[in-house]
Amino acid sequence: MNKMENITHIVQKVKQAPWRVQLQWVGLLLLGLVLIAMIAGIYINVTARAAISGRQIQLLTGAIDSNKQINADLETELASLTASEAMAARAEDLGFHPAATDEITYVAVAGYTDQAPVDLSSPEAGVRTTLLQPEYSETLFDWFTRQMTSAGDE
Amino acid sequence: MKISSFWRYLTIATLLGMLGVGVLVQIARIQTDPEIKELIGRSSIVVRYYYPPRGEIYDRYGRLLAGNTTVYEVSVSLEDVGDDPSDIAMAAQVYLGQDYTAVMELLLNPPDGVRYLRLADYVSSEQAALLMKMQEELDASPDGNPLAALAFRAHLGRQYPEDDLASNLLGFVTHDEYGYFGVEAKYNNLLSGIPVTLLVPTDPRRAVELPEIPPGDSIILTIDRELQAAVEVILEQALYETGAESGTIIVMDPRTGEILTLATTPTMNLNDFSQVGEIFPGETPFNRAISQAYEPGSVFKILTMAAALDNGTVQPGTIFLDDGVFQYGGEYINNWDGGAWGYQDMTGCLAHSLNVCLAWVATEMGSDAFYSYMQRFGIGHLTGIDLASEMTGRLKLPGDSDWYPIDLATNAFGQGVSVTPMQMVMAASALANDGQMVYPHVLYATVQDGRQHTMATQVVGNPVSMNTARTISEMLAIALETEASRGLVPGYRVAGKTGTAQVPTPYGYYDPELTNASFIGWGPVDDPQFLVYVWLEKPRSSPWGSVVAAPVFRQVVEKLVVLQGIPPDAVRAQLAGR
Numbered sequence: 001m002n003k004m005e006n007i008t009h010i011v012q013k014v015k016q017a018p019w020r021v022q023l024q025w026v027g028l029l030l031l032g033l034v035l036i037a038m039i040a041g042i043y044i045n046v047t048a049r050a051a052i053s054g055r056q057i058q059l060l061t062g063a064i065d066s067n068k069q070i071n072a073d074l075e076t077e078l079a080s081l082t083a084s085e086a087m088a089a090r091a092e093d094l095g096f097h098p099a100a101t102d103e104i105t106y107v108a109v110a111g112y113t114d115q116a117p118v119d120l121s122s123p124e125a126g127v128r129t130t131l132l133q134p135e136y137s138e139t140l141f142d143w144f145t146r147q148m149t150s151a152g153d154e
Numbered sequence: 155m156k157i158s159s160f161w162r163y164l165t166i167a168t169l170l171g172m173l174g175v176g177v178l179v180q181i182a183r184i185q186t187d188p189e190i191k192e193l194i195g196r197s198s199i200v201v202r203y204y205y206p207p208r209g210e211i212y213d214r215y216g217r218l219l220a221g222n223t224t225v226y227e228v229s230v231s232l233e234d235v236g237d238d239p240s241d242i243a244m245a246a247q248v249y250l251g252q253d254y255t256a257v258m259e260l261l262l263n264p265p266d267g268v269r270y271l272r273l274a275d276y277v278s279s280e281q282a283a284l285l286m287k288m289q290e291e292l293d294a295s296p297d298g299n300p301l302a303a304l305a306f307r308a309h310l311g312r313q314y315p316e317d318d319l320a321s322n323l324l325g326f327v328t329h330d331e332y333g334y335f336g337v338e339a340k341y342n343n344l345l346s347g348i349p350v351t352l353l354v355p356t357d358p359r360r361a362v363e364l365p366e367i368p369p370g371d372s373i374i375l376t377i378d379r380e381l382q383a384a385v386e387v388i389l390e391q392a393l394y395e396t397g398a399e400s401g402t403i404i405v406m407d408p409r410t411g412e413i414l415t416l417a418t419t420p421t422m423n424l425n426d427f428s429q430v431g432e433i434f435p436g437e438t439p440f441n442r443a444i445s446q447a448y449e450p451g452s453v454f455k456i457l458t459m460a461a462a463l464d465n466g467t468v469q470p471g472t473i474f475l476d477d478g479v480f481q482y483g484g485e486y487i488n489n490w491d492g493g494a495w496g497y498q499d500m501t502g503c504l505a506h507s508l509n510v511c512l513a514w515v516a517t518e519m520g521s522d523a524f525y526s527y528m529q530r531f532g533i534g535h536l537t538g539i540d541l542a543s544e545m546t547g548r549l550k551l552p553g554d555s556d557w558y559p560i561d562l563a564t565n566a567f568g569q570g571v572s573v574t575p576m577q578m579v580m581a582a583s584a585l586a587n588d589g590q591m592v593y594p595h596v597l598y599a600t601v602q603d604g605r606q607h608t609m610a611t612q613v614v615g616n617p618v619s620m621n622t623a624r625t626i627s628e629m630l631a632i633a634l635e636t637e638a639s640r641g642l643v644p645g646y647r648v649a650g651k652t653g654t655a656q657v658p659t660p661y662g663y664y665d666p667e668l669t670n671a672s673f674i675g676w677g678p679v680d681d682p683q684f685l686v687y688v689w690l691e692k693p694r695s696s697p698w699g700s701v702v703a704a705p706v707f708r709q710v711v712e713k714l715v716v717l718q719g720i721p722p723d724a725v726r727a728q729l730a731g732r
């Protein structure tokens, strides 16, 4: 028996050992389980993160509403503190009195214009910003499509 | 590997595999089971109603007149109520003013299908804070928190920082979030915005961006808060001094129709609208300036004279012999003092407010021309002012079943015809504004999505020519100066006319004692920038408009020239000469 035959014989022996074949199957099965566990883990992780993000969005939405209410409260409170009657009383306490026509001296000031009615228009008028980035709501397929589309645009 | 080891491995692998398969099957079942899907669907999507914050109301210089503040809806979660809800009922009684027995009854026998029972809404922040604090303190209670079932929902409610300032013009919003009276009612749709109904997922994984609910439009009014406050003080003082039943003062810019001030009585604290029934009992109008027509008396003569001048019936220098009586249509007209004033030109007729003269002028003009002019002045028609509940007066016309020829003569001096103060203001704007009659309005601008839309001036007619308007202004200025009227304002030349009208009774005759005292005037005569109308209803200290209403006009003008920055005539002339 030459050297080559010996090697073939050993390989055949090892290959044909039943416990080795069975061990391979068990290994494959366990590998499958590990893969399933990994996928399940990733799924749970992504889902949990999505849920946390969603919850944060809900909380932030609530915070926005709350801030709007606080803003309205503060604006109204400020208006109450500076109400006509309150301001008149404060001015009186400080020693002022309403000016009469004969107490006023008019001085010509070049470029002076009378007090104009208020302009409450906002510089940001019409600018609409999206609160949620697409990453928070799109699916993997949406993301892939967006990437492909944007890649095509670039 | 031994056989036994192999079986052990296989058993473990099989168990793990079965477990994995079981998990997958369970996931699939949860995803597909109709019962579970229904359960998930029912709880994960809720219908929410979003009411946009009501738009704010500002004066012309941006000072807040009507805003919003946080109020609370206090409810009880019935699932969390224990066996004994007496603590909740007690808290509701103490902090919310609820009836203990009624609350107990509701909590013990709630309506079917109700999970949350609303105890009170529009609870102030202060009250709610007290209740929340108590609930928090009871959290540490060893027997459990008896107020744990209380739930609070914050939302915005209307708040008027100036309380009763300009109340008759603003109107108010009730707890049904609807505006009543004034601009709150007139612009309710604009202010309230559009409520939105949304399906909102409660599942955080399905959180979606809620569309931004635009708030109601804010509006900027033409009134000046400081002037409004000052005029209200003047009116209150005038009522006190004259004993008048009510009073109304309107200040308008005759060039634009912008109402700078509208003060009338009674007023109310808009934050406590529950008092409205007591303050305005029966037929009492909420805003007399637009909702109460009355016979204006001699202030109406400015329209008669303007019409006659424009028509060419008379000239300022036309002489009339006043013998104290004018017979027309089988009736006799007398002057206010019953006297004869002899030869008078038309300025004299206005200066002495001669009924006889004006009746003659109207009859000379003829009923067709007279009533045509009155209609062009808007008498008998709504002004269309942007305030809720405007009423029109009555201008009887030839052909009406209750019109008689004598009406032409009496209408000439403001009797037998009824107008609202606002109608008189609009009509007079034509005389103060070179013949152009402007639409009176209180809306200066709206603000929507950060953009301001300003109202344009609207001319609603040219009842008389520019020449006529300037002539009548000059005549009225001379008339005031001739009479040394109490309406004269030092430093400012003004045109004006007093009015003292008899008050008709329900029995068809005039009350022998009661009068309506009025004054209408504008200035400065060479460049009118303000038009002021004063009406005191049934004054007691004196029946005459020249005595009770003219001084009020002067006080208002003295205040407004300061606040509006209108220099005296001499200063203006100096500045113009530079």
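Chains A and B, in that order, are what the protein sequence lines are. Going by our numbering, the first sequence opens with residue 1, and the numbers climb by one from there. Going by our numbering, the second sequence opens with residue 155, and the numbers climb by one from there. Note that CB positions come from ideal geometry on N, CA and C, so glycine has one too.
Using a Cβ cut-off of 8 Å (strictly closer), state whether residue 427 (chain B) contacts chain A. No - not a single Cβ of chain A is within 8 Å of the one on residue 427 (chain B).
Kindly say whether residue 316 (chain B), judged by its beta-carbon, lies nearer than 8 Å to any beta-carbon of chain A. Taking 8 Å as the threshold, the shortest C-beta distance from residue 316 (chain B) to chain A falls below it.
Give me the Cα-Cα distance between residue 57 (chain A) and residue 63 (chain A), rounded to the nearest whole angstrom. When rounded, the distance between both Cα atoms is 9 Å.
Residue 650 (chain B) versus residue 616 (chain B): straight-line alpha-carbon distance, rounded: A straight line joining the alpha-carbon of residue 650 (chain B) with that of residue 616 (chain B) spans about 20 Å.
Would you mind stating whether residue 613 (chain B) and residue 590 (chain B) have Cβ atoms separated by less than 8 Å? Cβ atoms of residue 613 (chain B) and residue 590 (chain B): closer than 8 Å.
Taking only the alpha-carbon atoms, compute the straight-line gap between residue 628 (chain B) and residue 593 (chain B) and give it to the nearest angstrom. Cα to Cα, the separation comes out at about 24 Å.
My assumption, with CB atoms under 8 Å, is that residue 693 (chain B) sits in contact with residue 679 (chain B). Please give the rounded CB distance. About 28 Å separates the two Cβ atoms, so there is no contact after all.
Taking beta-carbon pairs under 7 Å, can you tell me which members of the region 374-396 of chain B lie near chain A? If the cut-off is 7 Å between Cβ atoms, the region 374-396 of chain B has 374, 379, 380, 383 near chain A.
In chain A, which residues lie less than 8 Å from residue 308 (chain B) when you measure between Cβ atoms? Proximity of chain A to residue 308 (chain B) at the Cβ level (cut-off 8 Å) is accounted for by 66, 69, in chain order.
Hey, is residue 73 (chain A)'s beta-carbon within less than 8 Å of any beta-carbon in chain B? Interface residue (Cβ-Cβ distance to chain B less than 8 Å): residue 73 (chain A) is classified as such.
Which partner residues does residue 272 (chain B) have in the DSSP bridge list? In the DSSP output, where bridge partners are listed per residue, residue 272 (chain B) has B:229.
Can you name the residues of chain B whose CB is closer than 7 Å to the CB of residue 36 (chain A)? Those are 174, listed as they occur along chain B.
Is it the case that the region 96-112 of chain A contacts the region 711-731 of chain B, given that we only count it when at least three CB pairs across the two stretches are under 8 Å? Three or more Cβ pairs drawn from the region 711-731 of chain B and the region 96-112 of chain A lie within less than 8 Å of each other, which places the two stretches in contact.
Going straight from the alpha carbon of residue 474 (chain B) to that of residue 498 (chain B), what length do you get? Rounded to the nearest angstrom, the two C-alpha atoms are 5 Å apart.
Own chain residues within Cβ distance below 7 Å of residue 490 (chain B), not counting five before or after: In its chain, beyond the 5 residues on either side, 507, 509, 654 have a beta carbon closer than 7 Å to the beta carbon of residue 490 (chain B).
Terminal residues of the continuous alpha helix (DSSP H) containing residue 502 (chain B)? Where residue 502 (chain B) is concerned, the enclosing alpha helix (DSSP H) stretches over 500-505.
Proximity winner among B:233, B:565, B:661, B:356, relative to residue 739 (chain B) (alpha-carbon distances): No statement about residue 739 (chain B) is possible, as the shown extent of chain B runs from 155 to 732 and does not include it.
Identity of the residues DSSP links to residue 476 (chain B) by a beta bridge: Its beta-bridge partners are B:496.
Bridge partners for residue 406 (chain B) per DSSP, in chain order? In the DSSP output, where bridge partners are listed per residue, residue 406 (chain B) has B:413, B:685.
Quick one: grab the DSSP three-state call for residue 219 (chain B). In the structure shown, residue 219 (chain B) sits in a strand (DSSP, three-state: E or B).
Determine the closest residue to residue 252 (chain B) out of B:161, B:229, B:704, with distance taken between C-alpha atoms. Taking the Cα of residue 252 (chain B) as reference, the smallest distance to any Cα among B:161, B:229, B:704 is reached at B:229.
So with Cβ pairs under 8 Å, would you call residue 566 (chain B) a contact of chain A? Residue contact check for residue 566 (chain B) against chain A: no CB pair falls below 8 Å.
For residue 696 (chain B), the three-state DSSP class (helix, strand or coil): In the structure shown, residue 696 (chain B) adopts coil according to DSSP, grouped into three states.
Within its chain, find whatever has a CB closer than 7 Å to the CB of residue 425 (chain B); leave out the 5 residues flanking it on each side and keep chain order. Excluding residues within five positions, the ones whose Cβ falls inside 7 Å are 313, 314, 317.
Using the three-state DSSP reduction, which class does residue 388 (chain B) fall into: helix, strand or coil? Residue 388 (chain B): helix per DSSP, three-state reduction.
For chain B, is any of its Cβ atoms less than 8 Å away from the one on residue 134 (chain A)? Proximity of residue 134 (chain A) to chain B, defined by a Cβ-Cβ separation below 8 Å, is not satisfied.
Cβ of residue 8 (chain A) within 8 Å of any chain B Cβ: Taking 8 Å as the threshold, the shortest C-beta distance from residue 8 (chain A) to chain B does not fall below it.
Using DSSP bridges, identify the partner residues of residue 607 (chain B). Checking the DSSP bridge columns, you'll see residue 607 (chain B) partnered with B:600.
According to DSSP, simplified to helix, strand and coil, what is residue 373 (chain B)? Strand.
Can you pull the chain B neighbours of residue 61 (chain A), defined as C-beta to C-beta under 7 Å? Those within 7 Å of residue 61 (chain A) in chain B are 364.
Could you check whether residue 380 (chain B) and residue 571 (chain B) sit closer than 8 Å to each other, using their CB atoms as the reference points? Pairing residue 571 (chain B) with residue 380 (chain B) gives a Cβ-Cβ distance that is not under 8 Å.
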